[in-house]
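In full-length UniProt numbering, the protein residues as written are 1 to 347. Glycine residues also receive a C-beta, built at the ideal position from the N, C-alpha and C atoms. Computed from a prediction, not measured in an experiment: that's the story for all the values here. Remarks on the structure that follows.
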């Protein structure tokens with residue numbers, strides 16, 4: 001699983017948006033009341049030759065900013081605002097290499113809905129982006145989903161790379177923050193999507209590449225019992241080799257990163273404190289070449305994914321798995337996918 005398939009998907013989607021996405025101005029902005037004291041104001045979008053609007057609510061925070069003491073900490077609840085919040089622009093992407101528009105305060109989600117009727121009970125599609133757990137964002141326009149498919153689309157950001165998966169192998173910095181962010185977003189959608197016309201009992205999570213891995217991890221996790229109704233993994237699952245590892249494999253990677261930035265101590269708590277004082281640019285500079293992966297933490301992921309699957313310890317929901325013709329070709333150096341070449345590559 002790498003960022004190649006996700007980058008191709010993004011390019012195709014951007015080309016599509018230049019054809020179908022139109023933002024209209026001069027109309028009254030849609031407002032949704034999430035709680036008795038908090039609401040969001042969005043914008044309206046259309047596809048050509050279709051009068052039906054999609055109501056966009058962008059950059060909604062679903063968790064506390066993972067900054068300061070919340071860096072390398074499990075996802076924390078967000079203090080709901082009072083009054084009306086501007087939800088007309090995307091929030092920042094999470095920090096990642098080879099990108100310029102990011103910020104550590106990045107735990108936002110975006111919603112596109114075909115209705116403002118809170119009793120509409122529309123099906124919900126929650127998108128988890130790919131990118132090797134190191135790149136990508138939830139800036140994936142959902143106008144077509146809302147207008148043409150009559151469903152609500154939600155797309156989320158989650159912590160990536162070192163900031164998403166660095167660990168000390170214990171409670172000081174348990175890892176899996178990116179997965180836990182995703183799970184927190186699922187909880188948020190379950191709790192609040194009815195206000196946007198969605199059915200909290202019809203939530204489908206879906207994603208491709210690392211997003212597919214993430215979806216299968218969420219299906220395997222006991223933390224999602226009763227929260228997700230259906231799932232779709234495209235070109236990636238968590239039971240693939242080396243996608244989720246035990247601490248004894250991942251902790252040395254994290255130790256190497258801490259050593260490279262000068263955070264060295266026999267006390268894990270002091271190492272974490274040191275890492276929290278670093279600016280994110282320093283952390284990103286030392287990320288290249290050493291990539292922490294998700295871990296078996298005993299809570300979100302209680303065992304090897306393959307063991308959970310074989311033992312039937314997962315959420316029993318309808319689940320679609322998909323792959324492409326010549327899947328994995330990019331990993332073989334573009335070698336023609338003949339039977340002989342595949343045998344040589346595998347050996």
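Where residue i falls: helix, strand or coil (DSSP)
i, result
"residue 47", "coil"
"residue 84", "strand"
"residue 22", "Confidence in residue 22 is poor, its pLDDT being 42 and thus under 50, which makes the residue's placement unreliable; the coordinate value appears in the next sentence. Strand, per DSSP."
"residue 73", "coil"
"residue 309", "helix"
"residue 317", "coil"
"residue 269", "helix"
"residue 262", "coil"
"residue 205", "strand"
"residue 54", "strand"
"residue 335", "coil"
"residue 240", "coil"
"residue 221", "coil"
"residue 14", "The predicted position of residue 14 is uncertain, since its pLDDT is 45 and thus under 50; no value can be drawn from it."
"residue 93", "strand"
"residue 67", "coil"
"residue 78", "coil"
"residue 341", "helix"
"residue 212", "helix"
"residue 350", "The question about residue 350 has no answer, for the chain in this structure spans 1 to 347."
"residue 250", "helix"
"residue 9", "For residue 9, the pLDDT reaches just 47, beneath the cut-off of 50, and the residue's location in the model is therefore unreliable, although a value from the coordinates is still provided. If DSSP states are grouped into helix, strand and coil, residue 9 belongs with the helices."
"residue 1", "Low per-residue confidence applies at residue 1: pLDDT is 42, beneath 50, and the placement is therefore not dependable, though the value from the model is reported in the following sentence. Note: residue 1 maps to coil in three-state DSSP."
"residue 179", "helix"
Residue j beta carbon less than 7 Å from that of residue i
i, j, result
"residue 84", "residue 58", "no"
"residue 157", "residue 108", "yes"
"residue 178", "residue 198", "no"
"residue 75", "residue 180", "yes"
"residue 314", "residue 219", "yes"
"residue 67", "residue 104", "yes"
"residue 247", "residue 213", "no"
"residue 215", "residue 205", "yes"
"residue 284", "residue 95", "yes"
"residue 175", "residue 297", "yes"
"residue 38", "residue 118", "no"
"residue 112", "residue 50", "no"
"residue 132", "residue 240", "no"
"residue 261", "residue 229", "no"
"residue 60", "residue 87", "yes"
"residue 52", "residue 123", "no"
"residue 231", "residue 305", "no"
"residue 116", "residue 200", "no"
"residue 110", "residue 136", "no"
"residue 336", "residue 326", "no"
"residue 170", "residue 302", "no"
DSSP beta-bridge partners of residue i
i, result
"residue 61", "108"
"residue 235", "Note: residue 235 sits in no beta bridge, so no partner."
"residue 198", "122"
"residue 324", "According to DSSP, residue 324 bridges with nothing at all."
"residue 185", "Looking at the DSSP assignment, residue 185 forms no beta bridge with any residue, so it has no partner."
"residue 245", "295"
"residue 228", "Paired residues: none, contrary to the question."
"residue 39", "33 and 84"
Cβ-Cβ separation, residue j to residue i (assumed contact under 8 Å), whole Å
i, j, result
"residue 290", "residue 168", "15 Å between Cβ atoms; not a contact."
"residue 234", "residue 208", "4 Å"
"residue 224", "residue 293", "Residue 224 to residue 293, Cβ: 20 Å. No contact."
"residue 46", "residue 185", "That pair is no contact at about 27 Å."
"residue 166", "residue 173", "6 Å"
"residue 221", "residue 183", "7 Å"
"residue 147", "residue 114", "6 Å"
"residue 97", "residue 288", "6 Å"
Any chain E beta carbon closer than 7 Å to residue i
i, result
"residue 194", "This model lacks chain E altogether, as it is built from one protein chain only."
Item to check | Segments assigned beta strand (DSSP E), at least 3 residues, entirely inside the segment 96-172 | outcome: 108-113, 122-128 and 152-156
Item to check | alpha helix (DSSP H) runs contained entirely in the segment 274-309, provided each spans 4 or more residues | outcome: As far as the segment 274-309 is concerned, its whole alpha helix (DSSP H) runs of at least 4 residues are 280-285.
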